[in-house]
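Residue numbers (UniProt numbering): 1 to 528.
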């Protein structure tokens with residue numbers, strides 16, 4: 001592997017003052033020669049390997065002297081990987097970022113040929129994915145600073161592309177591979193040796209080698225953070241240290257996707273350096289929203305109901321979109337469905353701490369008006385933050401509600417049903433949180449159903465079920481949804497029409513959360 005000279009600013013430097021992007025190079029001899037080299041990758045009859053040195057030289061010359069072309073940029077990145085290793089790949093990604101950011105309207109293929117542009121990026125994604133999987137360990141480790149710059153440029157390239165294209169290529173598909181590239185460990189200072197060191201017991205060579213192997217190869221291989229230099233910027237030092245944790249987060253996500261530590265570390269990386277809310281006017285910030293393609297993918301994955309896919313998506317995008325609080329609600333709900341209670345609690349606790357530390361954050365919006373937290377997420381946050389209070393109040397609130405419900409039930413059992421309902425209603429009037437009000441109203445309905453056989457409370461349950469559907473509680477808070485649906489189904493089966501039997505829609509909804517409870521209700525109806 002030999003380094004090849006090229007201009008790292010070739011992606012942004014204008015070719016001519018009056019025509020900064022130059023002209024399309026695709027009819028030129030240099031482009032034809034360059035493409036012939038690339039075509040060798042798929043030519044089964046090719047007698048020689050691709051001359052990557054020539055690829056880099058030709059691509060650099062075209063971008064510098066003829067015209068800004070996306071295909072040439074992708075081929076340059078591929079060539080730099082082969083001639084200059086992982087550091088070269090980082091330089092190639094920087095060129096692509098500059099091309100897209102500076103010459104989107106003028107580079108070739110023309111902006112009207114969006115499919116051609118997408119296909120070219122897809123070629124690069126496929127090529128890099130294959131090369132990095134097959135030969136990851138064959139490339140020398142890259143400096144930590146170069147690795148951090150590569151990741152930043154890749155995220156910027158993704159964001160810039162999606163700003164122009166609603167059907168952007170899946171840049172995120174290569175994110176994990178890039179984060180897990182081998183990175184140089186900084187030189188460690190030599191240990192100070194005492195003048196008269198204590199004699200250590202001898203270690204057998206095999207045992208010593210085993211000990212070294214165990215300590216030197218923790219999964220995954222990651223850089224070791226060095227102490228910041230004197231006078232270093234504290235914020236930059238923190239960012240560099242947190243970037244070093246990302247390969248570990250990715251490894252956990254792939255190998256132990258319900259480990260609580262994964263979700264704690266991911267939120268440390270995303271939020272540890274957030275000291276204040278972003279500048280805003282009327283709650284609207286200058287921050288760009290998540291790209292439309294990412295939002296659409298999120299909604300599609302959430303609708304499929306596959307919890308593992310939801311966790312993978314939400315956690316892999318959390319650091320890039322750290323203000324998009326909906327991702328945390330999605331992870332919490334998916335982990336709950338997976339039965340990973342400790343991991344779900346970790347997500348709730350860490351998100352609650354963030355909102356307690358920056359209480360205005362949940363009510364802010366991106367520059368297009370999209371909220372950081374939608375209505376469902378706000379309702380979810382209230383269960384952890386007590387409508388703006390710290391997450392530590394959650395258990396106190398739950399205890400208070402349980403005590404209140406127990407007292408109301410005692411009143412009803414003693415024949416004072418009106419007093420019990422008044423007690424719960426007064427609490428509901430004093431409560432600001434949507435979730436707590438929902439639970440109090442549900443408790444009222446449960447008392448009526450239990451202690452007044454004449455009470456047809458379908459009209460009282462109907463708005464609760466509407467709210468349940470509107471906020472998708474079946475997905476985000478299944479236990480509360482199960483309680484509401486069980487009561488609604490029991491009420492409907494008791495007071496509904498003759499056709500309100502085992503096939504009633506409320507029973508079907510309940511069965512999706514608690515099959516046994518739905519079956520028991522249906523059997524009681526059949527027996528009647």
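For every residue, glycine included, the Cβ atom is placed at its ideal position computed from N, Cα and C.
Under the three-state DSSP convention, the category residue 11 falls into
To locate residue 11, count along the chain shown from 1; it is residue 11. In the structure shown, residue 11 sits in coil (DSSP, three-state: anything other than H, G, I, E or B).
Pull the bridge partners of residue 371 from the DSSP assignment, please.
What you label residue 371 is simply residue 371 of the chain shown in a count that begins at 1. For residue 371, which the question treats as bridged, DSSP gives the partners 365.
Taking all protein chains shown into account, do 16 or more other C-beta atoms lie within 10 angstroms of the C-beta of residue 56, making it buried, or fewer, making it exposed?
Looking up residue 56 in the chain shown gives position 56. Residue 56 comes out buried.
Using DSSP's beta-bridge definition, name the partner residues of residue 281.
Start at 1 with the first residue of the chain shown, and residue 281 comes out as number 281. Paired residue(s): 284.
Assuming residue 56 is part of the alpha helix (DSSP H), what are its boundary residues?
If you number the chain shown from 1, residue 56 lands on position 56. Start and end: 52 to 65.
When you compare the CB positions of residue 481 and residue 464, do they come within less than 7 Å of one another, or not?
Taking the first residue of the chain shown as 1, we reach residue 481 at position 481. Taking the first residue of the chain shown as 1, we reach residue 464 at position 464. It is not a contact, given that the beta carbons lie outside the stated cut-off.
Straight-line Cα distance separating residue 426 from residue 419:
In the chain shown, counting from the first residue as 1, residue 419 sits at position 419. In the chain shown, counting from the first residue as 1, residue 426 sits at position 426. C-alpha separation (whole angstroms): 10 Å.
Any contact between the stretch 243 to 253 and the stretch 320 to 331? By contact I mean 3 or more CB pairs, one from each, below 8 Å.
no
Given a cut-off of 7 Å on the beta-carbon distance, is the pair residue 84 and residue 72 in contact?
Locating residue 84 in the chain shown gives position 84, where the first residue counts as 1. Locating residue 72 in the chain shown gives position 72, where the first residue counts as 1. No; because the gap between Cβ atoms is not below 7 Å, this pair is not in contact.
So within the stretch 411 to 485, which uninterrupted alpha helix (DSSP H) runs reach at least 4 residues, ignoring any that extend past its ends?
417 to 430, 434 to 451, 458 to 470 and 473 to 476
Along the chain, where does the alpha helix (DSSP H) containing residue 260 start, and where does it finish?
For the purposes of this step, residue 260 is taken as the residue at position 260 of the chain shown. Where residue 260 is concerned, the enclosing alpha helix (DSSP H) stretches over 260 to 271.
Once you ignore the five residues that flank residue 141 on each side, which residues in its own chain have a CB closer than 6 Å to its CB?
In the chain shown, counting from the first residue as 1, residue 141 sits at position 141. Here the set comprises 182, 183 and 184.
For my contact list, residue 509 and residue 474 are in at a C-beta cut-off of 8 Å; report their separation, rounded to the angstrom.
On the chain shown, residue 509 is found 509 positions in, with the first residue counted as 1. On the chain shown, residue 474 is found 474 positions in, with the first residue counted as 1. Indeed they touch by this definition, with Cβ atoms about 7 Å apart.
Beta-carbon proximity list for residue 66, same chain, < 8 Å, skipping 5 on both sides
Locating residue 66 in the chain shown gives position 66, counting from the first residue. So the qualifying residues of the chain are 15, 22, 23, 25, 28, 30 and 31.
Report the partner residues of residue 108 according to the DSSP bridge assignment.
By 1-based counting over the chain shown, the position of residue 108 is 108. Answer is 69.
Residue 535 versus residue 123: straight-line alpha-carbon distance, rounded
Outside the displayed span of the chain (1 to 528) sits residue 535, for which this structure offers no information.
Check this for me: beta carbons of residue 53 and residue 146, under 7 Å apart or not?
As a position in the chain shown, residue 53 is number 53, starting the count at 1. As a position in the chain shown, residue 146 is number 146, starting the count at 1. No, the pair does not count as a contact, with Cβ atoms beyond the cut-off.
Nearest-angstrom beta carbon gap, residue 374 and residue 326 [assumed within contact, 8 Å]:
The residue labelled residue 326 in the question sits at position 326 within the chain shown. The residue labelled residue 374 in the question sits at position 374 within the chain shown. About 6 Å; that satisfies the 8 Å criterion.
Taking 8 Å as the threshold, find out whether the stretch 96 to 103 comes into contact with the stretch 68 to 82 through three or more Cβ pairs.
yes
Sequence-distant residues of the same chain with beta carbon closer than 8 Å to residue 95, five excluded per side
Residue 95 sits at position 95 when you count from the first residue of the chain shown. Closer than 8 Å at the Cβ level, and outside the excluded window around residue 95, lie 8, 10, 11, 63, 73, 76 and 77.
Neighbourhood of residue 18 by C-beta, 6 Å cutoff - its chain only, sequence neighbours within 5 removed
By 1-based counting over the chain shown, the position of residue 18 is 18. None.
Run the CB neighbour count on residue 515, radius 10 Å, all protein chains shown included, and call it buried at 16 or more, exposed below.
As a working mapping, residue 515 is identified with position 515 in the chain shown. By the neighbour-count rule (16 or more Cβ atoms within 10 Å), residue 515 is not buried but exposed.
Go ahead and label residue 411 buried or exposed: buried means 16 or more other beta carbons lie within 10 angstroms of its beta carbon, across all protein chains shown.
As a working note, residue 411 is residue 411 in the chain shown. Classification for residue 411: buried.
What are the boundary residues of the alpha helix (DSSP H) that includes residue 252?
For this step, residue 252 is matched to residue 252 along the chain shown. Segment 246 to 255, the alpha helix (DSSP H) holding residue 252.
Measuring alpha carbon to alpha carbon, tell me which of 149, 139, 128 and 344 ends up nearest residue 171.
Taking the first residue of the chain shown as 1, we reach residue 171 at position 171. Measuring from the Cα of residue 171, the nearest candidate turns out to be 128.
Complete runs of the alpha helix (DSSP H) confined to the stretch 302 to 368 [at least 4 residues]
307 to 317, 326 to 338 and 341 to 357
Should residue 45 go down as buried or exposed, given a rule of 16 or more other Cβ atoms within 10 Å for buried?
The residue given as residue 45 occupies position 45 in the chain shown. Exposed, by the Cβ-count rule.
Could you have a look at residue 199 and say whether DSSP puts it in helix, strand or coil?
On the chain shown, position 199 is the one that residue 199 refers to. Because residue 199 carries a pLDDT of 44, less than 50, the predicted location of this residue cannot be relied on, and the following value inherits that uncertainty. Three-state DSSP puts residue 199 in coil, outside helix and strand.
Among residues of its own chain, excluding the 5 on either side of residue 351, which ones have a beta-carbon nearer than 6 Å to its beta-carbon?
Numbered from its first residue, the chain shown carries residue 351 at position 351. Here the set comprises 328.
Can you list, in chain order, the residues of its chain with a C-beta nearer than 7 Å to that of residue 269? Leave out the 5 residues immediately preceding and following it.
Numbered from 1 along the chain shown, position 269 holds the residue referred to as residue 269. The residues are 242, 245, 246, 249 and 319.
As assigned by DSSP and simplified to three states, the class of residue 88:
Numbered from 1 along the chain shown, position 88 holds the residue referred to as residue 88. The answer is helix: DSSP assigns residue 88 an H, G or I state.
Touching by the beta-carbon criterion (3+ pairs, under 8 Å), the stretch 257 to 269 and the stretch 304 to 323
yes
Across which residues does DSSP place residue 142 in a beta bridge pair?
Residue numbering aside, residue 142 sits at position 142 when the chain shown is read from its first letter. BP columns for residue 142 point to 183.
Does the Cβ-Cβ distance between residue 361 and residue 285 come in under 7 Å?
Within the chain shown, the letter at position 361 stands for residue 361. Within the chain shown, the letter at position 285 stands for residue 285. For residue 361 and residue 285, no; Cβs fall outside 7 Å.
Determine, using beta carbons only, whether residue 443 and residue 406 come nearer to each other than 7 Å.
To locate residue 443, count along the chain shown from 1; it is residue 443. To locate residue 406, count along the chain shown from 1; it is residue 406. Contact flag unset, no.
Is residue 151 buried or exposed, if buried means 16 or more other CB atoms sit within 10 Å of its CB?
Along the chain shown, read from residue 1 onward, the residue named residue 151 stands at position 151. Classification of residue 151: buried, given that the 10 Å Cβ count is 16 or more.
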